[in-house]
Amino acid sequence: MNYLKTVKPVMACGIFFLCFSVFKVPELLCQEPEDAMTIAVTEIKEEGYEPPAGLSLSDVENARKLTNKRIYGLAVLWLLILLVIFLVRIQARDDEKLYWKGYYSGTNKLE
Amino acid sequence: MIDLKKEINERIGMDTILGLARKKMVPVHRHSVWYYMGGMLLFLFFIQVVTGPLLLFYYKPSADAAYRSITEIMVKIPYGWLIRSVHHWASNLMIAIAFIHFFSTFLLKAYRRPRELTWLTGMAMFMVVLFLGYSGYTLPFDERSFFALNVGTDMPGTMPVVGQYVVGFLRGGEMVGPQTLNRFFALHVGILPLCLMAVLFVHVVLVQVHGMSVPLSVEKKTALKKEKAIAKPMFPHLLLHDLVNCLILFGVLVTLAVLIPSELGQEIDYLKPAPEGVKPDWFFLWVYQILKWMPTYLFSIEGEIAGIVGLMLVAGFITLVPFFNRKAQRNELSPFFTMVGVISLLAFLALTAVGYFL
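One line per chain: the protein sequences are A and B, in this order. Under this note's numbering, the residues of the first sequence are numbered 1 to 111, in order. Under this note's numbering, the residues of the second sequence are numbered 1001 to 1358, in order.
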């Protein structure tokens, strides 16, 4: 019964999307693609037209620069990593104790 | 409420997998640290598998668009510089750790019976990882990669008999051009990762089947003292240590990516002559230095040909070392092969340093 309780909303969503696609898909498929073969006016080169300046190496160098935001992000990342390592070490130490008490070798002295 | 753990367990048998992992024991001794290299390599491969497709969304593998697309990734795409730099540094760290894994396995004679096939699959992966690094280096199609392609694809040409065919296959013609980029792109994103995954699967299965190799010195010491060897379960002990290693590695990786982001050279000018002192990426510097020091002729053979044939013979010898080292097969100490390993390691480090600084 619990299983059905979770599945029901998912099924309802599925049915909704199915209905939507049944009504919407033929309409979408029948539509003529608008201006599919038309070249946008802005793309036609006119006299004196100059293409927009591309990205240069100096832009790349700017993107590579170390900013305060990046240093802050790095500091937060290391804090998180150290926190997780601290938690994992606690777990590992606990497991180490259990190991020496024979918990993993089948000679469990705890029980 | 659904008991999610129970539901998942019922479908994929999580308890059975964990039970097997708990039963699997990993030896603990003073050389245990080398066991972690494999896990770190696997983690870095995972990073590459994640960041590679992200770059693939924006990279355009054609001679006239590749450079521009890399510029866009670096400048316009949100966090594109970070993803590219993490991909770049992960590949470098992967190669560095692969070298450490290779030398530690060689020196500890972990290729002893019955692990010959594990060694052979490891060597195959090592070659693929090196070639993955090289092919990735060529993809930005900037000046550096263009000359790296010229020099790199020229080298197999000196191989006897098949040399020119290999060059033709790699270049897709006589000269390096747009078609060469397409070939290296296909190799980098399709063929090589697939090969790597297939061999990796066999390698990991073999490691699980045979377990970790215990160095001979440790085995003998334990036997001498009549002590029982210490072994701990893979789960959770080794995996928790692996997790800590991977977290530190991830931190180092992102730090390198932020502090020294991946570079981009000048755009290719096909008419420009090769600048002086063009060098390969660091992991091929030792090869470059050996070939640089070769005389024009060695015993009436062209120096470059002699160098490449010599390197191929050394690579063949190292690959087949489990079959040459009879003493190790009989579980006896083999100081000659230890010496070969130490000399190779020192030569590799010295040649790389000389190639880098001179």
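Beta carbons are placed, not taken as given, at the ideal position from N, Cα and C, and that holds for glycine.
C-beta atoms of residue i and residue j nearer than 8 Å
| i | j | result |
| --- | --- | --- |
| F1185 of chain B | L1149 of chain B | no |
| L1200 of chain B | M1125 of chain B | yes |
| F1043 of chain B | L1249 of chain B | yes |
| G1163 of chain B | G1172 of chain B | no |
| V973 of chain B | L1253 of chain B | In the structure displayed, chain B extends from 1001 to 1358; residue 973 of chain B sits before or after that span and is not available. |
| P1280 of chain B | G1152 of chain B | yes |
| L80 of chain A | L1264 of chain B | no |
| L1041 of chain B | I1097 of chain B | yes |
| A1257 of chain B | W1089 of chain B | yes |
| F1337 of chain B | N1325 of chain B | yes |
| V1176 of chain B | F1146 of chain B | yes |
| A63 of chain A | W1081 of chain B | yes |
| W1286 of chain B | G1341 of chain B | no |
| I1268 of chain B | E1174 of chain B | no |
| T1071 of chain B | V60 of chain A | yes |
| G1038 of chain B | V1218 of chain B | no |
Chain-ordered chain B contacts of residue i [CB-CB under 8 Å]
| i | result |
| --- | --- |
| I81 of chain A | L1247, I1248, F1250, G1251 |
Contacts that residue i makes with chain A (C-beta to C-beta distance below 8 Å)
| i | result |
| --- | --- |
| P951 of chain B | The requested residue 951 of chain B is not part of the displayed model; chain B covers only 1001 to 1358. |
| T1016 of chain B | None at all; the shortest Cβ gap to chain A is about 17 Å. |
Residue i: contacting residues in chain A (beta-carbon distance under 7 Å)
| i | result |
| --- | --- |
| T1255 of chain B | L74 |
| P1027 of chain B | The premise fails here: P1027 of chain B is roughly 14 Å from chain A at the closest Cβ pair, so nothing lies under 7 Å. |
| P1261 of chain B | R64 |
Closer than 8 Å to chain B by CB, residue i
| i | result |
| --- | --- |
| W78 of chain A | yes |
| G54 of chain A | yes |
| M11 of chain A | no |
| F16 of chain A | no |
Residue-chain proximity (residue i, chain A), Cβ-Cβ < 8 Å
| i | result |
| --- | --- |
| M1212 of chain B | no |
| R1068 of chain B | yes |
| V1033 of chain B | no |
| P1114 of chain B | no |
| P1275 of chain B | no |
| L1240 of chain B | yes |
| C1195 of chain B | no |
| V1258 of chain B | yes |
Bounding residues of the alpha helix (DSSP H) (the contiguous stretch that carries residue i)
| i | result |
| --- | --- |
| V1026 of chain B | Segment 1025-1027 is the beta strand (DSSP E) holding V1026 of chain B; no alpha helix (DSSP H) there. |
| K1232 of chain B | Counting along the chain, K1232 of chain B falls outside any alpha helix (DSSP H), though it belongs to the beta strand (DSSP E) covering 1231-1233. |
| L1240 of chain B | 1239-1259 |
| T1180 of chain B | 1178-1186 |
| N62 of chain A | 57-64 |
| S1135 of chain B | 1116-1138 |
| N1331 of chain B | Per DSSP, N1331 of chain B belongs to no alpha helix (DSSP H) and is neither H nor E. |
| A1098 of chain B | 1080-1107 |
| R70 of chain A | 68-100 |
| L1264 of chain B | No alpha helix (DSSP H) holds L1264 of chain B; DSSP gives it neither H nor E. |
| P1322 of chain B | 1321-1324 |
| K979 of chain B | Absent from the structure is residue 979 of chain B, since the part of chain B shown begins at 1001 and ends at 1358. |
| M1037 of chain B | 1036-1056 |
8 Å contact criterion, which residue i and residue j should meet: CB distance rounded
| i | j | result |
| --- | --- | --- |
| L1108 of chain B | P1215 of chain B | 5 Å |
| S1069 of chain B | K1060 of chain B | 4 Å |
| Y1067 of chain B | F1141 of chain B | 5 Å |
| A1136 of chain B | H1188 of chain B | The displayed chain sequence assigns Gly, not Ala, to residue 1136 of chain B. Contact flag correct, Cβ pair sits at about 6 Å. |
| A1306 of chain B | L1298 of chain B | 4 Å |
| H1237 of chain B | R1115 of chain B | 22 Å between Cβ atoms; not a contact. |
| Y1036 of chain B | H1241 of chain B | 7 Å |
| I1083 of chain B | L1055 of chain B | 6 Å |
| S1000 of chain B | A1347 of chain B | No information on residue 1000 of chain B is available, as it lies outside the stretch 1001 to 1358 that chain B covers here. |
| N1331 of chain B | R1112 of chain B | 7 Å |
| K1026 of chain B | M1234 of chain B | Residue 1026 of chain B is actually Val in this sequence, not Lys. Right, the Cβ-Cβ distance comes to about 5 Å (below 8 Å), so this counts as a contact. |
| V1028 of chain B | A1231 of chain B | 6 Å |
| L1178 of chain B | A1063 of chain B | Strictly speaking, residue 1178 of chain B in this sequence is Pro, with Leu absent from that position. Yes, P1178 of chain B and A1063 of chain B are in contact; Cβ-Cβ is about 3 Å, under 8 Å. |
Residue i, enclosing beta strand (DSSP E) - first and last residue
| i | result |
| --- | --- |
| P1335 of chain B | P1335 of chain B -> not in any beta strand (DSSP E); alpha helix (DSSP H) instead, spanning 1335-1357. |
| K1272 of chain B | First-last for K1272 of chain B: undefined, no H or E at that position. |
Chain-ordered neighbours of residue i on chain B, where CB pairs are closer than 7 Å
| i | result |
| --- | --- |
| A63 of chain A | M1074, V1075, W1081 |
| V60 of chain A | T1071, M1074, V1075, L1264 |
Neighbour list for residue i in chain A, Cβ cutoff strictly below 9 Å
| i | result |
| --- | --- |
| V1244 of chain B | V84, I85, V88, R89, A92 |
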